[in-house]
Amino acid sequence: MRRTPVGRQTRARGIPDATVARLPLYLRALTALSERSVPTVSSEELAAAAGVNSAKLRKDFSYLGSYGTRGVGYDVEYLVYQISRELGLTQDWPVVIVGIGNLGHALANYGGFASRGFRVAALLDADPAVVGGTAAGLPVRHMDELESIVESQQVSIGVITTPPGAAQQVCDRLVEAGVTSILNFAPTVLTVPDGVDVRKVDLSIELQILAFHEQRKAGEEPEEEGPAEEPVRERAPGPVRAAAAKLRRAAAGGKDKGETDRQAVLPA
Numbered sequence: 253m254r255r256t257p258v259g260r261q262t263r264a265r266g267i268p269d270a271t272v273a274r275l276p277l278y279l280r281a282l283t284a285l286s287e288r289s290v291p292t293v294s295s296e297e298l299a300a301a302a303g304v305n306s307a308k309l310r311k312d313f314s315y316l317g318s319y320g321t322r323g324v325g326y327d328v329e330y331l332v333y334q335i336s337r338e339l340g341l342t343q344d345w346p347v348v349i350v351g352i353g354n355l356g357h358a359l360a361n362y363g364g365f366a367s368r369g370f371r372v373a374a375l376l377d378a379d380p381a382v383v384g385g386t387a388a389g390l391p392v393r394h395m396d397e398l399e400s401i402v403e404s405q406q407v408s409i410g411v412i413t414t415p416p417g418a419a420q421q422v423c424d425r426l427v428e429a430g431v432t433s434i435l436n437f438a439p440t441v442l443t444v445p446d447g448v449d450v451r452k453v454d455l456s457i458e459l460q461i462l463a464f465h466e467q468r469k470a471g472e473e474p475e476e477e478g479p480a481e482e483p484v485r486e487r488a489p490g491p492v493r494a495a496a497a498k499l500r501r502a503a504a505g506g507k508d509k510g511e512t513d514r515q516a517v518l519p520a
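Quick note: the sequence shown uses this note's numbering, first residue 253, plus one each step.
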């Protein structure tokens, strides 16, 4: 029988998604304490190590049935076990990685999978130049084997590291094969049926958010365009330049042929 993904187990027990998202942060901080043989930790110390406030931490732990001991704090080893169990990390979770380019190779070689209960069951690709090679000591197998691997290895988690154009097709095949949780590194939004969980990792979006904060820290506010902004605009990506040109034409009362005023806006 296929295992129910951990996310739905925890939601069924009434643990909010926001709390589930913070549990790995607590586990990472607790693991570091355990490695230093620290026996107990206060809520304030653990919250600071995890980057949250102590009231939120205590609320999160109340969902786990763990309140700590007043004047003593939380038992580090017990919390490591308790959170690991809640996240399903005391089980073996076979994972398939689809798309063995540079990122796929890097993930295959990531040592943190095995130490956290995840086993890379197979590496898959459709490129004949890649299939038959190896990564992290594992052979790269053809996508034609996906369904049989998912069934024989009882895989419920798939990782997609393909180019964006292939990601949805790979996602569909994973879902049809029985995979119910997907980690998506492809820079595109995936459509999945109810009952399938998708977590998206988009490095370009994270960098853009950091760029926003860097601009604000430097005290640079976006300004109205003028002659001084021309060199900056010319360095912008093509779609941004095109959108800016539409806005300038709209402001001047002009339109592209066949274009309405409603269309002269930045793309979503």
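C-beta atoms are modelled at their ideal positions from N, C-alpha and C, and glycine is treated no differently.
When the options are compared against residue i, the one with the closest alpha-carbon
i: K350; options: D379, S404, R322, V328; result: The question names Lys, but residue 350 is Val in the sequence shown. V350 has its Cα closest to that of D379, out of D379, S404, R322, V328.
i: P276; options: E338, S294, V293, N305; result: E338
i: I267; options: Y315, A284, V290, E287; result: Y315
i: V382; options: A281, T414, Q460, Y362; result: T414
i: V347; options: D327, G369, G471; result: G369
i: E400; options: G363, T292, A374; result: Looking at the sequence provided, one finds Ser at residue 400 rather than Glu. If we check each option's Cα against that of S400, A374 comes out closest.
i: D344; options: K452, H465, Q405; result: Q405
i: R288; options: V328, T321, Y278; result: V328
i: G384; options: F365, V372, I352; result: I352
i: T292; options: A429, T321, A366, S336; result: T321
i: R451; options: V304, C423, G325, E403; result: C423
i: R280; options: R371, G364, S306; result: G364
i: Y362; options: A388, G340, L341; result: A388
Coil, strand or helix - residue i by DSSP
i: R393; result: strand
i: N436; result: strand
i: P416; result: helix
i: L339; result: helix
i: A378; result: coil
i: G246; result: Nothing about residue 246 can be read from this structure; the chain reaches only from 253 to 520.
i: Y333; result: helix
i: Y315; result: helix
i: P402; result: Reading the sequence as shown, one finds Val at residue 402 and not Pro. Reduced to three states, the DSSP call for V402 is helix.
i: A429; result: helix
i: D449; result: strand
i: G364; result: helix
i: R322; result: coil
i: A470; result: coil
i: A387; result: strand
i: D327; result: strand
i: V444; result: coil
i: V525; result: The chain is shown only over 253 to 520; residue 525 falls outside these bounds and no answer can be derived.
Buried versus exposed call for residue i [16 or more other C-beta atoms within 10 Å across all chains shown]
i: H357; result: buried
i: S298; result: Reading the sequence as shown, one finds Leu at residue 298 and not Ser. The residue is buried, with at least 16 neighbouring Cβ atoms inside 10 Å.
i: A273; result: exposed
i: A270; result: exposed
i: L285; result: buried
i: D377; result: buried
i: G471; result: exposed
i: I461; result: exposed
i: V258; result: With a pLDDT of 43 at V258, under the threshold of 50, the modelled position of this residue cannot be trusted; read the value that follows with caution. Buried is the call here.
i: F437; result: buried
i: L455; result: exposed
i: L398; result: buried
i: T386; result: exposed
i: L282; result: buried
i: L426; result: buried
i: V372; result: buried
i: V290; result: exposed
i: L459; result: exposed
i: A302; result: buried
i: V324; result: exposed
Neighbour flag for residue i against chain C, beta carbons, 8 Å
i: G369; result: The structure shown has no chain C; it contains just one protein chain.
heavy atom of the ligand ZN below 7 Å from residue i C-beta
i: V427; result: As for the ligand ZN, it is missing from this structure, which has no ligand bound.
### Query
For the 8 Å Cβ check, are there 3 or more pairs between the region 408-422 and the region 433-447?
yes
### Message
Three Cβ pairs or more, each shorter than 8 Å: is that satisfied between the region 412-419 and the region 438-446?
### Response
yes
### Query
Counting pairs of Cβ atoms below 8 Å between the region 330-339 and the region 389-398, do you hit three or more?
Contact between the region 330-339 and the region 389-398 is absent: fewer than 3 CB-CB pairs across the two stretches fall below 8 Å.
### Query
Counting pairs of Cβ atoms below 8 Å between the region 351-371 and the region 308-318, do you hit three or more?
no
### Query
Could you give the uninterrupted runs of the alpha helix (DSSP H) lying entirely in the region 255-309, keeping only those of 4 residues or more?
258-264, 269-287, 295-302
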